[in-house]
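Numbering (UniProt numbering), first residue to last: 1 to 285. A virtual CB, placed ideally from N, CA and C, is assigned to each residue, including glycine. One structure below.
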DNA sequence: ACGAGCTCCTGCTTGC
DNA sequence: TGCAAGCAGGAGCTCG
């Protein structure tokens, strides 16, 4: 599942491959991934053709490929989105949704099994697409203010994991890195945000930054074929996960068996010893 | 305004 | 064996 480190890995891959390239032809194989382009798939194809890519940018899990004319191709990988660069005559991977033929004879392909992600044209979005402006800065942003975000978290009446997953508070963190960060900071997912000290709030955010920086260095996390970089390679960070997906395995810190618990209709993984149930728990968290 | 829950999607895994 | 339910979950949306 692509979170910030995976999206940044993809961005870096695209930067070296599409920057300066002109789109010669666009093929939309499935309408859903371009659903946010309200004028429809045909218009999407026509309006992109002839444009030239500048260097790809990212905030949180959003990725966009600016055009030299000031617009941008906005992309979100959702749960299973991938960008692949292939020869036009290479066999299509399953679930290939959009094809962009580039002027150097390569073909940029958007592949997405579950189609939670998608592509759209963002008018004037080269610097920061309007569709992205509502989310908070991510921890890799030079202007990220950890103390200010910590204050905002403490002002809430919710559980810490919900706050970490709220992209308007801090972007880029998904279920995997939320669990890893909370383990690193020895904090239970349901701990009430208002009960955190200023230092603890910063500690949790710093932990999230740390685990994502490590994951980025490893080329991202992958459990299966759903996340790959532009060359089709998986990352290696799954070998370094302390708790996520590790139910029954020993906590790397104390050896206690990791527990999986239902949370937000999904799963949370924690060490029952390092991350004790909080005295103050957010209601329904 | 804020917090919480629902929904969209496909394909692999699990259970009867 | 076959079918259905369970599970994976980002983010826009609705509702209280």
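Item, Value
"With a threshold of 7 Å on Cβ separation, who are the neighbours of residue 209 within its own chain once the five nearest residues in sequence on each side are excluded?", "139"
"If you compare alpha carbons, which of 30, 15, 178 is closest to residue 94?", "30"
"If residue 18 sits next to residue 44, beta carbons under 8 Å apart, how far is it from one beta carbon to the other, in whole angstroms?", "In fact, because the Cβ distance is near 17 Å, the residues do not count as touching under 8 Å."
"Going by DSSP, what residue range makes up the beta strand (DSSP E) through residue 46?", "Element bounds for residue 46: not the beta strand (DSSP E) but the alpha helix (DSSP H), 41 to 48."
"Whose C-alpha, out of 200, 265, 157, is nearest the C-alpha of residue 147?", "200"
"Buried or exposed for residue 284, please, with buried defined as at least 16 other CB atoms from any protein chain shown within 10 angstroms of its CB.", "Any reading at residue 284 must be qualified, since the residue scores a pLDDT of 40, below 50, and its modelled position is unreliable; no value is offered."
"Would you mind stating whether residue 177 and residue 8 have Cβ atoms separated by less than 8 Å?", "no"
"Please tell me whether residue 54 and residue 75 are closer than 8 Å, where the distance is taken between their beta carbons.", "no"
"Return the first residue and the last residue of the beta strand (DSSP E) that residue 266 is part of.", "266 to 270"
"Under the DSSP definition of a beta bridge, which residues are partnered with residue 23?", "102"
"For the alpha helix (DSSP H) that contains residue 3, what are its first and last residues?", "Where residue 3 is concerned, there is no enclosing alpha helix (DSSP H), given that its DSSP letter is neither H nor E."
"Which value, in whole angstroms, describes the spacing of the CA atoms of residue 273 and residue 245?", "17 Å"
"Tell me whether the beta-carbon of residue 33 lies closer than 8 Å to the beta-carbon of residue 98.", "yes"
"DSSP on residue 180, reduced to helix/strand/coil?", "helix"
"In chain order, what residues of the same chain have a beta carbon less than 7 Å from the beta carbon of residue 143, not counting five sequence neighbours either side?", "137"
"Determine the direct distance from the alpha carbon of residue 278 to that of residue 241, and round the result to whole angstroms.", "23 Å"
"Tell me the residue span of the alpha helix (DSSP H) that contains residue 154.", "146 to 154"
"At which residues does the alpha helix (DSSP H) containing residue 211 begin and terminate?", "198 to 217"
"Three or more C-beta pairs closer than 8 Å, one from the segment 35 to 52 and one from the segment 78 to 89: is that the case here?", "no"
"Measure the CB-CB distance between residue 64 and residue 123 and report whether it falls below 8 Å.", "no"
"Could you give the DSSP three-state label for residue 143: helix, strand or coil?", "coil"
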